[in-house]
Structure formats: structure tokens, C-alpha cells
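Reminder that position 75 of the sequence shown reads as 74 in numbering that gives the first Met the number 0, one-by-one numbering, no gaps.
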Amino acid sequence: MVLGKVKSLTISFDCLNGSNILVYSSGDTVSGRVSLEVTGETRVKSLKIHARGYAKVRWTESRNAGSNTAYTQNYTEEVEYFNHKDVLLGHERDDDNSEAGLHTLHSGRHEYAFSFELPQMRGEFVSFESCGVAEVSSK
Numbered sequence: 000m001v002l003g004k005v006k007s008l009t010i011s012f013d014c015l016n017g018s019n020i021l022v023y024s025s026g027d028t029v030s031g032r033v034s035l036e037v038t039g040e041t042r043v044k045s046l047k048i049h050a051r052g053y054a055k056v057r058w059t060e061s062r063n064a065g066s067n068t069a070y071t072q073n074y075t076e077e078v079e080y081f082n083h084k085d086v087l088l089g090h091e092r093d094d095d096n097s098e099a100g101l102h103t104l105h106s107g108r109h110e111y112a113f114s115f116e117l118p119q120m121r122g123e124f125v126s127f128e129s130c131g132v133a134e135v136s137s138k
């Protein structure tokens, strides 16, 4: 099993302007590295990173519509600001089940750089803080 050979998987972000604070704003370039350490030779199909920025809000309003009637209205809204996917190793499509599409990682630490630009936003506050998800898959 490939995941049994993964010793560590980390995502680190580069700080802007020499600061130690990992906060990015509208128009900034987010960059960093995905570090993967494996304990033995491992064959993988791909390594991808997915960054998504969105705002989601929920609220409830209760109203009286007479002496014995009350109702509650629930509201939700979600706005997507960006959706960036990057293939760090392998190919975009993983539907090829052949051995030819596999990459061999030797025991040790492997680093893969990434970067993407946050969209320019006017009149809206957008920030990206150091959170992320990395997906590793292999067959």
C-alpha cells in the first residue's frame, strides 16, 4: 500500500515581503512547496494541489405573523472567489490504469513548488491564510 510508505506530507507557504505572517490579499501571488517524504520506493500516478477561496454565510430570521403564528426563514449564500488546481507530478487525468503512467519516487524527501495569483477584487476583502489540502492517489 502506497500510503503506508508516506512518512510525511506537508504544505508550506512562502511569506510575503520578509514577514512571518502567512496572509495574502487580493492580487498577491501565493507560493510555496509540497514536501513528500517516503520510506521506500513508491510508484505514484500524480500529486496535485487544490486551492479554493470562497465565502459562505448562513443566517436565520424569525418573525411573528400574528398572535399565534410565528415562522423562521433560513438563508444561505456562497460565493467562489478562486478555484486553482495544479498538477505537481504526473498528469491532469488519472483515468489511465496502465503502469506506463506511474512515476517512481525513491526513498527520501521530495519537494514540489507551486504558485498562483489571487484575483484582483474591488470593494471586497479577500485574504488567503495558510491552510490547504494535498491529495495523493495511486493505483
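All residues carry an ideal CB built from backbone N, CA and C; glycine is no exception.
If we ignore side chains and look at the alpha-carbon of each, how far apart do residue i and residue j end up?
i, j, result
"Arg57", "Thr103", "46 Å"
"Thr68", "Tyr80", "40 Å"
"Val22", "Cys14", "8 Å"
"Glu91", "Phe12", "23 Å"
"Ser30", "Ala50", "11 Å"
"Gly39", "Asn16", "38 Å"
"Lys47", "Ser66", "58 Å"
"Gly26", "Gly107", "36 Å"
"Gly3", "Val86", "22 Å"
"Thr59", "Gln119", "31 Å"
"Ser24", "Glu98", "42 Å"
"Thr9", "Leu88", "15 Å"
"Asn73", "His105", "53 Å"
Using a Cβ cut-off of 8 Å (strictly closer), state whether residue i contacts chain C.
i, result
"Leu8", "Given the protein chain composition of this structure (a single chain), no chain C is represented."
Where does residue i fall in DSSP's three states?
i, result
"Glu98", "helix"
"Lys44", "coil"
"Gly3", "helix"
"Ile10", "strand"
"Glu76", "strand"
"Ser61", "strand"
"Glu146", "Because residue 146 is not part of the residues shown, which for the chain are 0 to 138, the question remains open."
Quick check: residue i and residue j, are their CB atoms within less than 8 Å of each other?
i, j, result
"Val5", "Phe113", "no"
"Ala100", "Lys44", "Rather than Ala, the amino acid found at residue 100 in this sequence is Gly. Closer than 8 Å, so yes."
"Tyr53", "Glu77", "yes"
"Glu36", "Ser7", "yes"
What residues in its chain sit with their C-beta under 8 Å from that of residue i, if we drop five residues either side in the sequence?
i, result
"Tyr70", "Ser61, Arg62, Ala64"
"Thr28", "Ser114, Phe115, Glu116, Leu117"
In chain order, what residues of the same chain have a beta carbon less than 6 Å from the beta carbon of residue i, not counting five sequence neighbours either side?
i, result
"Glu110", "Arg32, Ser34"
"Arg42", "Leu101, Thr103"
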